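What follows is a set of notes on a single structure, which appears directly below.
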Amino acid sequence: MSATPAEFAPPATPAGKAADYLDQRLGIANAAKKQLRKIFPDHWSFMLGEIALYSFIILLLSGVFLTLFFTPSMNEVTYNGSYTPLDGIRMSEAYASTVNISFDVRGGLLMRQIHHWAALIFVMAITVHMLRIFFTGAFRKPREINWLIGFGLFVCALLEGFCGYSLPDDLLSGTGLRIAEGVILSIPIVGTYVSFFLFGGEFPGHDLVPRLFTIHILLVPGILLALITAHLILVFYQKHTQWAGPGRTEENVVGLPLLPVYTAKAGGFFFVIFGITAFLGGLVSINPIWSYGPYVPNQISAGSQPDWYIGFLEGSLRMMPNLEFNFWGHTLSLNVLIPALIVPGILFTGLALYPFIEAWVTGDRREHHILDRPRNVPTRTAIGVAGATFYGVLWLVGGNDLIATHFHLSLEQITWFGRFAVFLGPAFAFWITRRICFGLQRADRDKVLHGRESGIIVRAPSGEFSEIHEPLSQGDLHKLTAHDVHRPLSLTEVADSNGVPAPKMRQAKLRARVTKWYFGERVEKPTAEEYHDAISSGHH
Amino acid sequence: MSTGEMNYEEEHGGAVAVEEEHGHAVVPAGDPFADPGLEPHRPRIFDIDEKAAKRAERQVAALFALSTLSAIGFMVAYTEIPRTAIVDFFPIGAVSASNFALGVLLGISMFSLGGGAIYWARTLMTDVEFPQERHHLESSAQDKAAAVAEWKQGVEDSGIKRRPLIRRTLIGALAILPLPALWILRDLGPLPGDTLRSTAWSEGELIINDATVSIDLTTGTGIKPEEVTIGSLFMARPAKALTAGEDYNNLMAKAAIFLVRMDPADIVSQRERDWGYEGIVAFSKICTHVGCAVDLYEQQTHHMLCPCHQSTFDLSDAGKVIFGPAARSLPQLPITVNADGYLVARSDFQEPVGPSFWERG
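Going line by line, the protein sequences match chains A and B.
In case it helps, our numbering puts the first sequence at residues 786 to 1325.
In case it helps, our numbering puts the second sequence at residues -13 to 347.
Structure (structure tokens):
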């Protein structure tokens, strides 16, 4: 459905002349002819990444505004601005300028709140987008590299969020930094040095806010921008994945053109997201730093909570038993090191490497552009749900004090519950997810073989009741049977046993075992024979 | 246009469901699950009814007009609403009128602009889906071979393989280069030395009651033992904090303490009793887990809780950890009374306060 090329006529309009001017210097017509009508498939889940992109743009715009008024300095000043409850109190310039932005700069509070809301939405959108990619297998060849870029974006977003949260130098953010210092100190051998170099000496010092400012407005956004560019170029170049369906194959992409449909939809969606953050910024108060007061190390407010995306680290710290060792004049604080660095380290490494692990298990070297329905790859789906459950338990325990006060429960019991649930929860989630996936696959199989339940009950002359099943359309039949059913590999399939050296043999055995774990239990697709039998028998 | 689509139509004459029998279509022999190709486009009301299309056009235009009006309203609100004005209504409560108006108007302006564009795309722009071929990402064998040949020629031309001296010295130079980049960061901060082992407390240092400290943090008064009644909790700091100036936060990050008084008979630890004064004991306020300020005191049980991660310390038993992730007791500050009858420190803490670190031992 491409337009028929016309004879090129010298441009008459100013826009046409400008385009021609550029083309004579940059040759843009060649790219434009291919890309202007580029096809993108349509599905609601494909806009999650868009939300992340647009909230990033909102963050850049509102962030630039904030830098015009924010003073990244820990020099002490005495406040005498228009917010009288803080009158005469000593505070850092960073905190004082944040209070000024909130009360004395018109639109300042709005921009601060838009910035904070957009940050929460940014990390949330990345997280949900990443889950979507995971559960639909969109990370498979050829998109493993883009998965890694996306993972880098996720980690940078967390870091960026934490740095930004720390800049106002209020009681809450200072407490967060104090915890960060405690975590850094727990790193064996170099921890104390890293802490002194980061803070410019002892905590809190006078250097941290300006340093975090540079990291927050230059270093990490620069990396984010570069990674986002690479991420989008790859999406563009490799073309978007699509769901199975009539006419959708591994060799094509079916959808609507960039110009005009996605230009309008995606461009419009940016303004919708901006509009929503503006509503939030105008209507829902967030991070009212003036009510927390400036950071002082000897104060704290009960029920302190970090932004949502740091909650899992907080919960991890809270539930860890107090394991610490002293030997040869050294202290190893496993009570901090394990929950704050090792557990997230393992979780994130597993996340980053998953596409490569799965490719090794399946031995699948084909390109995949048709997405998996989560039910059709039960073990992957179960691993994902187990990981999400692990994260979820950590996150919940991060609010154990709030749960305790709101639901009148014992804090100790919640913590102990978390200590068990963090292991048992994922195991249970893994098991139940696989069962649900198999159940859904069987339901699909029944639907293919016997048609869709119509809800119409008929009574036969013999008195027998039965429900009429309506046949599926050819498109649905195809859609429900388009997936692969993976099978475990036998040892001989994994490696030709003739003359395989011993270490390779061990690896082959391991792989055969893992494939059995992945694909040992499965629901087969209906065969053509089964289908014809089901139809000719006429019984449901 | 996929070839599968054409073939299916040709083979089966476009007749998928031929006959109904027991609610089932009778499907031709062959692959019953074959891809039937793209479904035919189902026209929307906007494609066939010019009236509906006109209505959609007006709706889109109305949204764009609303956006314009709100944007103008935003500028008016910016100029006209005083910064101190407050609006108060359910369920939002009292908020800045300026922030409220700016947020809502900006929101309407953005949302209706975006909503208009999306509605336009969904109603009046084409929704005929069509396929585009994917190109092969992998290069052809010839291209790969050509690339390898070019690379080899380039490497050959450089002579790097034939001249190991150049190769090795180059690798050496590149390997050493990151080190100066690290070296130059040395002045980010001083070395830790023993700084984490000492605080501002020393023999005779007056204990200042936090509640008496002036707003500029430069004056405050000491605490007499008789002020500290059983069950009361005093937050306190060394007198040095009053003159610390810019170093105030650094000093307080290690030296903040609190005092409680218990019935000496309730105190389990002999050393704790010795380091206290007639049942008054002073502990570091900095949690030994990751350094938050401990804060929640239960008079009856003598438990002190850190609100960050809920480490709980037993103040009647030398600050021992009884719950939570902290591994070490809260350090106790030995105190006594000076000639004027005020509580003072007998010495610095006998161990480092705050979170553990590698060199702590």
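The beta-carbon is built from N, C-alpha and C at its ideal position, and this holds for glycine as well.
This structure is a prediction, so every number in the text was calculated from the model and none was measured.
Legend entry - Under the three-state DSSP convention, the category residue 263 of chain B falls into: Here the question's residue 263 of chain B lines up with position 277 in the second sequence. If DSSP states are grouped into helix, strand and coil, residue 263 of chain B belongs with the strands.
Legend entry - Paired residues, beta bridge with residue 877 of chain A - DSSP: Looking up residue 877 of chain A in the first sequence gives position 92. Its beta-bridge partners are A:861.
Inset, instruction - Look up residue 73 of chain B in the DSSP assignment and say whether it is helix, strand or coil. - result: The residue given as residue 73 of chain B occupies position 87 in the second sequence. DSSP places residue 73 of chain B within a strand segment (E or B) once states are collapsed to three.
Inset, instruction - Using a Cβ-Cβ cut-off of less than 8 Å, list which residues of the segment 1079 to 1095 of chain A approach chain B; keep chain order. - result: 1080, 1081, 1082, 1083, 1084, 1085, 1086, 1087, 1088, 1089
Legend entry - Buried/exposed call for residue 300 of chain B, threshold 16 Cβ in 10 Å: For the purposes of this step, residue 300 of chain B is taken as residue 314 along the second sequence, with counting starting at 1. Counting of Cβ neighbours within 10 angstroms places residue 300 of chain B among the buried residues, the total reaching 16 or more.
Inset, instruction - Measure the alpha-carbon distance for residue 1071 of chain A versus residue 958 of chain A and round it to whole angstroms. - result: Here residue 1071 of chain A is taken as the residue at index 286 of the first sequence, counted from 1. Here residue 958 of chain A is taken as the residue at index 173 of the first sequence, counted from 1. Whole-angstrom Cα-Cα distance: 13 Å.
Legend entry - Three-state secondary structure (DSSP) of residue 318 of chain B: Counting from 1 along the second sequence, the entry for residue 318 of chain B is found at position 332. In the structure shown, residue 318 of chain B sits in a strand (DSSP, three-state: E or B).
Inset, instruction - Just list the alpha helix (DSSP H) runs in the segment 103 to 189 of chain B, keeping only unbroken ones of 4 residues or longer that don't cross its boundaries, in chain order. - result: 127 to 144, 150 to 162, 164 to 169
Legend entry - Bounding residues of the beta strand (DSSP E) (the contiguous stretch that carries residue 1225 of chain A): Residue 1225 of chain A sits at position 440 when you count from the first residue of the first sequence. It is not in any beta strand (DSSP E) - residue 1225 of chain A instead sits in the alpha helix (DSSP H) that spans 1196 to 1235.
Inset, instruction - Could you name each continuous beta strand (DSSP E) segment of 3 residues or more that falls completely within the segment 1005 to 1032 of chain A, going from the start of the chain to the end? - result: none
Inset, instruction - Would you kindly work out how many angstroms separate the C-alpha atoms of residue 263 of chain B and residue 238 of chain B, rounded to a whole number? - result: In the second sequence, the residue the question calls residue 263 of chain B occupies position 277. In the second sequence, the residue the question calls residue 238 of chain B occupies position 252. Rounded to whole angstroms, residue 263 of chain B to residue 238 of chain B spans 23 Å at the Cα level.
Legend entry - Whole-angstrom C-beta distance between residue 1252 of chain A and residue 1238 of chain A, which should lie under 8 Å: As a first step, residue 1238 of chain A is located in the first sequence; it is residue number 453 there, counting from the start. As a first step, residue 1252 of chain A is located in the first sequence; it is residue number 467 there, counting from the start. Contact annotation, residue 1238 of chain A with residue 1252 of chain A: C-beta distance approximately 6 Å; criterion of less than 8 Å satisfied.
Legend entry - 8 Å Cβ cut-off: residues of chain B touching residue 1115 of chain A: Taking the first sequence and counting its residues from 1, one reaches residue 1115 of chain A at position 330. Neighbours of residue 1115 of chain A on chain B, chain order: 344, 345, 346, 347.
Legend entry - Sequence-distant residues of the same chain with beta carbon closer than 8 Å to residue 133 of chain B, five excluded per side: By one-based count along the second sequence, residue 133 of chain B stands at place 147. Cβ neighbours of residue 133 of chain B beyond the five flanking positions: 125.
Inset, instruction - Please name the residue or residues paired with residue 810 of chain A in a DSSP beta bridge. - result: As a working mapping, residue 810 of chain A is identified with position 25 in the first sequence. Paired residues: none, contrary to the question.
Inset, instruction - Kindly indicate if chain A contains any beta-carbon less than 8 Å away from that of residue 275 of chain B. - result: Here the question's residue 275 of chain B lines up with position 289 in the second sequence. Yes, residue 275 of chain B counts as interfacial toward chain A.
Legend entry - residue 161 of chain B to residue 169 of chain B span [Cα, whole Å]: Mapped onto the second sequence, residue 161 of chain B falls at position 175. Mapped onto the second sequence, residue 169 of chain B falls at position 183. The alpha-carbon atoms of residue 161 of chain B and residue 169 of chain B are separated by roughly 14 Å.
Legend entry - Inter-residue spacing [alpha-carbon to alpha-carbon] between residue 61 of chain B and residue 1144 of chain A: On the second sequence, residue 61 of chain B is found 75 positions in, with the first residue counted as 1. On the first sequence, residue 1144 of chain A is found 359 positions in, with the first residue counted as 1. Residue 61 of chain B and residue 1144 of chain A: Cα-Cα distance of roughly 56 Å.
Inset, instruction - Closer than 7 Å by beta-carbon distance: list the chain B residues that pair up with residue 875 of chain A, in chain order. - result: The sequence position of residue 875 of chain A within the first sequence is 90, counting from 1. In chain order: 202, 203.
Inset, instruction - Would you verify that the beta carbon of residue 130 of chain B is, or is not, closer than 8 Å to some beta carbon of chain A? - result: For the purposes of this step, residue 130 of chain B is taken as residue 144 along the second sequence, with counting starting at 1. No, its Cβ sits nowhere closer than 8 Å to a Cβ of chain A.
Legend entry - Segment limits, alpha helix (DSSP H) that includes residue 1115 of chain A: Stepping through the first sequence from its first residue, residue 1115 of chain A is reached at position 330. Counting along the chain, residue 1115 of chain A falls outside any alpha helix (DSSP H), though it belongs to the beta strand (DSSP E) covering 1115 to 1117.
Inset, instruction - Determine, using beta carbons only, whether residue 1049 of chain A comes closer than 8 Å to chain B. - result: One-based indexing of the first sequence puts residue 1049 of chain A at position 264. For residue 1049 of chain A, the nearest beta carbon of chain B is closer than 8 Å to its own beta carbon.
Inset, instruction - Rank B:335, B:108, B:130 by C-alpha distance to the C-alpha of residue 243 of chain B and give the top, closest one. - result: By one-based count along the second sequence, residue 243 of chain B stands at place 257. Residue 243 of chain B has its Cα closest to that of B:335, out of B:335, B:108, B:130.
Inset, instruction - Could you name the residues of the same chain whose beta carbon sits closer than 6 Å to that of residue 57 of chain B, not counting the 5 residues immediately before and after it, in chain order? - result: Counted from its first residue, the second sequence places residue 57 of chain B at position 71. Taken in chain order, the residues that qualify are 95.
Inset, instruction - Could you tell me the distance, in whole angstroms, from the CA atom of residue 190 of chain B to the CA atom of residue 950 of chain A? - result: Stepping through the second sequence from its first residue, residue 190 of chain B is reached at position 204. Stepping through the first sequence from its first residue, residue 950 of chain A is reached at position 165. Their backbone Cα atoms lie some 40 Å apart in a straight line.
Inset, instruction - Tell me, please, whether the CB atom of residue 263 of chain B is closer than 8 Å to any CB atom in chain A? - result: The residue given as residue 263 of chain B occupies position 277 in the second sequence. No, its Cβ sits nowhere closer than 8 Å to a Cβ of chain A.
Inset, instruction - Reducing DSSP to helix, strand and coil, say where residue 1266 of chain A ends up. - result: For the purposes of this step, residue 1266 of chain A is taken as residue 481 along the first sequence, with counting starting at 1. Coil, per DSSP.
Legend entry - Sufficient close CB pairs (3 or more, under 8 Å) joining the segment 937 to 956 of chain A to the segment 1076 to 1090 of chain A: yes
Legend entry - Proximal residues to residue 1380 of chain A (C-beta, below 6 Å), its chain only, five neighbours per side dropped: The first residue shown for chain A is 786 and the last is 1325, placing residue 1380 of chain A beyond what the model contains.
Inset, instruction - Please check if any C-beta of chain B sits within less than 8 Å of the C-beta of residue 1103 of chain A. - result: Position 318 of the first sequence holds residue 1103 of chain A. Chain B, which has a Cβ nearer than 8 Å to the Cβ of residue 1103 of chain A, makes this yes.
Inset, instruction - Out of B:69, B:109, B:119, point me to the one whose CA is closest to residue 895 of chain A's CA. - result: Working through the first sequence from its first residue, we reach residue 895 of chain A at position 110. The shortest Cα separation from residue 895 of chain A among B:69, B:109, B:119 belongs to B:69.
Inset, instruction - Output yes if chain B places a C-beta closer than 8 Å to the C-beta of residue 1024 of chain A; else output no. - result: Residue mapping note: residue 1024 of chain A aligns to position 239 of the first sequence, counting from 1. With 8 Å as the cut-off, residue 1024 of chain A counts as an interface residue toward chain B.
Legend entry - Per-residue burial, residue 1074 of chain A [other beta carbons within 10 Å of its own, 16 or more giving buried]: Along the first sequence, read from residue 1 onward, the residue named residue 1074 of chain A stands at position 289. Result: buried.
Inset, instruction - Mind checking who residue 323 of chain B pairs with in its DSSP beta bridge? - result: As a first step, residue 323 of chain B is located in the second sequence; it is residue number 337 there, counting from the start. B:329, per the DSSP bridge assignment.
Inset, instruction - Assign residue 822 of chain A to one of three DSSP states: helix, strand, or coil. - result: Position 37 of the first sequence, counted from the start, is the residue given in the question as residue 822 of chain A. The answer is coil: DSSP assigns residue 822 of chain A none of H, G, I, E or B.
Inset, instruction - Give the straight-line distance between the Cα atoms of residue 287 of chain B and residue 195 of chain B, rounded to the nearest whole angstrom. - result: As a working note, residue 287 of chain B is residue 301 in the second sequence. As a working note, residue 195 of chain B is residue 209 in the second sequence. Near 24 Å, if we compare the C-alpha coordinates of residue 195 of chain B and residue 287 of chain B.
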